[in-house]
Amino acid sequence: MTAPSNFSGNLLGDFLSASQRVLIFTGAGISTESGIPDFRSPGGLWSKMQPIYFQDFIASEHTRREAWRRRFSNADGWVGAKPNRGHLAVAELIQSGRAAVVVTQNVDNLHQVSGVPEQKVIELHGNSTYAKCLKCQTRVELVDLEREFQELGNVGPCKRCGGIIKTATISFGQQMPELPMRRTQEETQACDLFLVLGSSLSVYPAADFPLRAKQHGAKLVIVNRDATPLDDAADLVLHEGIGDTMTAALAELR
Numbered sequence: 015m016t017a018p019s020n021f022s023g024n025l026l027g028d029f030l031s032a033s034q035r036v037l038i039f040t041g042a043g044i045s046t047e048s049g050i051p052d053f054r055s056p057g058g059l060w061s062k063m064q065p066i067y068f069q070d071f072i073a074s075e076h077t078r079r080e081a082w083r084r085r086f087s088n089a090d091g092w093v094g095a096k097p098n099r100g101h102l103a104v105a106e107l108i109q110s111g112r113a114a115v116v117v118t119q120n121v122d123n124l125h126q127v128s129g130v131p132e133q134k135v136i137e138l139h140g141n142s143t144y145a146k147c148l149k150c151q152t153r154v155e156l157v158d159l160e161r162e163f164q165e166l167g168n169v170g171p172c173k174r175c176g177g178i179i180k181t182a183t184i185s186f187g188q189q190m191p192e193l194p195m196r197r198t199q200e201e202t203q204a205c206d207l208f209l210v211l212g213s214s215l216s217v218y219p220a221a222d223f224p225l226r227a228k229q230h231g232a233k234l235v236i237v238n239r240d241a242t243p244l245d246d247a248a249d250l251v252l253h254e255g256i257g258d259t260m261t262a263a264l265a266e267l268r
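Numbering (this note's numbering) for the sequence shown: 15 to 268.
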């Protein structure tokens, strides 16, 4: 069912009030209201620059240098972004206990900044606010790497083991992280409402989870400005702004 905009908040509030264990699944659309450009829409990041594939990053020092140049020039728009009303509404649902976890395709760390505890955020595509050695998994802070990049024009190997250092994100061609995928599967089977906020639901295997939730008896609600491939399967579809819709829905619960 697709709702007219003036009833959106009330209808979503009804679904939330009838649920005991909500899984919130977020994509790029929740962060566009914080000024972070999305990927696929006209004018999005992928229309301006081609993504760098994992295999190319590993194989080529030139490609690694370009990846770090993009990161430190803030070509992706993440630096300085702050949580918006959508993020704050998600944090309120988590803090109230109505929502169990946030599963996110985003790498911008804004759910954590908004007040969602680290252990309640499942990051399917990693996190762009720090880096890791691909060999020994040592965490490296970006401020240190940026200083090195500015001085030397590149980021050198891991000082502990000599491995390649990369932002802690999952790139194209890189294997999906096992633990977050397993946790998401478990939470998908346990939830009674699967709430999608700002995802195109076009990236697999992550986009499989809403249908798995439906198969286990959960309701499916999608809030996204554009249509998704799963709209017909959803119990409620709201093509509205996330901040306005979530703010109105939470007002119904208070």
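Ideal placement from N, C-alpha and C gives every residue a C-beta, glycine not left out.
query	result
List, from N- to C-terminal side, the alpha helix (DSSP H) runs of 4 residues or more that fit wholly inside the segment 104-140.	124-128
Report all residues from its chain with a CB closer than 8 Å to the CB of K96; omit the five preceding and five following residues, and keep chain order.	S48, L124, V127
What beta strand (DSSP E) runs, 3 residues minimum, are completely inside the segment 190-265?	207-211, 233-237, 250-252
Could you tell me the boundaries of the alpha helix (DSSP H) in which R85 lies?	75-86
The alpha helix (DSSP H) that contains V157, what's its start and end?	156-166
Alpha helix (DSSP H) containing L30: first to last residue?	22-31
Just verifying my parser: in three-state terms, what is the DSSP assignment at I179?	strand
Excluding the 5 residues flanking L148 on each side, which residues of the same chain have their C-beta closer than 6 Å to its C-beta?	G177, I178, K180
Just the C-alpha distance for I184 and Y218, rounded to the nearest angstrom, thanks.	13 Å
Using the Cβ count rule (16 or more neighbours within 10 Å means buried), how would you classify C299?	Nothing can be reported for residue 299: it is not among the residues displayed for the chain, which extend from 15 to 268.
Can you tell me whether A42 is helix, strand or coil according to DSSP?	helix
Can you name the residues that DSSP bridges to R99?	None, per the DSSP bridge assignment.
How long is the line joining the alpha carbons of R78 and R35, rounded to whole angstroms?	42 Å
Can you check whether the CB of L211 is closer than 8 Å to the CB of I38?	yes
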